[in-house]
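What follows is one structure encoded as structure tokens, with my remarks underneath.
In my numbering, the protein residues as written are -4 to 324.
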């Protein structure tokens, strides 16, 4: 009888100890996150920025993104303009955050059904002082028109492909009072309207493959590498106690450009003019708060122009937008 009781008691005690150990680990992690949060609060003006009172945040999200590719120049002695657009991408998902640590899951319905031929990867980190985003894009579904001599020529999907790697970083000068996270991740709350000057740095690499008659008379490949630097301004406008509106722009000039154009097997430097080659990063957001819930949208647009408009100037426009609904508890 005692032996039977012992066999029953051992698993019970083990489960109790395991449960206690788990609670201890969770409690320790929670304490570390609380200390981290308090240290972070000491670095900003609490009259302008605050942390949400609740620890948990759950968000439902719907994303859209797209890529445009344009070209201007002279072909066969005639000015031309090419305007192309890749198929837009849509994803849906959700995220769960606890004291600033987040876990998210996104699904692409078109990719799951095999209808999406393009590929895209985005990684973004919004901080009060520093922030960055990285985007990898592989687009093969460009289509549009080429206009030359008053005549429009259709360009079907499959004649142009583009692969790019692009990263953008920013530094916020007024980081004690201005908060990017309040507008883009909702991990902070902007209490009062405030703005800040920004310092921006971007780098990109990639290539464009085009059939004849799109950018040049013959089929061509343009390989690209560049670094740009610039400054801009961002502003968070707090309307009443519910609305937060954000607008920012960071124009940058290319300080490094290593573009090469290969046509009919001949590789040469691509045309370049300093004042025609710019990179502009624009962001906007609108968030509406009601009780412990919020709803809103964000958008980021990246416009990269490089080349010489008297010979060949290319312009790529990368945009992504997000709709979201969330609640805290």
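Note that beta-carbon positions come from the ideal geometry of N, C-alpha and C, so glycine has one too.
On a predicted model such as this, the values are computed, not experimentally measured, just so you know.
Asked, Found
"Using the Cα positions of residue 162 and residue 97, report the straight-line distance between them to the nearest angstrom.", "22 Å"
"For residue 56 versus residue 232, is the C-beta distance shorter than 9 Å?", "no"
"Specify, as a first and last residue, the run of the beta strand (DSSP E) that residue 246 falls within.", "238 to 252"
"Output the boundary residues of the beta strand (DSSP E) element that contains residue 129.", "125 to 134"
"Give the single residue among 269, 230, 157 and 83 whose Cα lies nearest to the Cα of residue 172.", "230"
"Could you please give the first and the last residue of the uninterrupted alpha helix (DSSP H) stretch that includes residue 176?", "175 to 179"
"Curious, which full-length beta strand (DSSP E) runs of at least 3 residues does the stretch 267 to 324 contain?", "273 to 285, 288 to 303 and 307 to 323"
"Which residue comes first and which comes last in the alpha helix (DSSP H) that contains residue 105?", "104 to 107"
"Would you report the Cα separation of residue 262 and residue 255, rounded to the nearest angstrom?", "7 Å"
"To the nearest angstrom, how far is the alpha carbon of residue 45 from that of residue 144?", "59 Å"
"So the beta strand (DSSP E) residue 210 belongs to, where does it begin and stop?", "Unbroken run through residue 210: none, as it is neither H nor E."
"Going along the chain, which residues of its own chain have a beta-carbon closer than 6 Å to the beta-carbon of residue 315, five neighbours each way excluded?", "60 and 295"
"Classify residue 73 as buried or exposed, calling it buried when 16 or more other Cβ atoms lie within 10 Å of its own Cβ.", "exposed"
"With contact counted as at least three CB pairs below 8 Å, one residue from each stretch, are the stretch 97 to 110 and the stretch 120 to 133 in contact?", "no"
"Give me the Cα-Cα distance between residue 248 and residue 266, rounded to the nearest whole angstrom.", "16 Å"
"Run through DSSP, which three-state label would residue 235 get?", "coil"
"By how many angstroms is the C-alpha of residue 260 removed from the C-alpha of residue 292?", "46 Å"
"Taking the alpha carbon of residue 154 as the reference point, which residue from 130, 174 and 210 has its own alpha carbon closest?", "210"
"Would residue 195 and residue 221 be called neighbours here (beta carbons separated by less than 9 Å)?", "no"
"In its own chain, which residues sit with a C-beta less than 7 Å from the C-beta of residue 271, not counting the 5 before and 5 after it?", "300, 302, 303, 304 and 308"
"Per DSSP, residue 115 forms a beta bridge with which residues?", "132"
"Specify the secondary structure class of residue 0 as computed by DSSP and reduced to three states.", "Any reading at residue 0 is ruled out, since the residue's pLDDT is 49, under 50, leaving its predicted position unreliable."
"Mind checking whether residue 174 and residue 183 have CB atoms under 9 Å apart?", "yes"
"Report the option in 253, 159 and 150 whose CA atom is closest to the CA atom of residue 206.", "150"
"Can you tell me whether residue 68 is buried or exposed? The criterion is at least 16 other CB atoms within 10 Å of its CB, across all chains shown.", "buried"
"Please list the terminal residues of the continuous beta strand (DSSP E) segment that includes residue 63.", "51 to 70"
"Beta carbon of residue 351, beta carbon of residue 152: below 9 Å?", "Nothing about residue 351 can be reported from this structure: the residues present for the chain run from -4 to 324 only."
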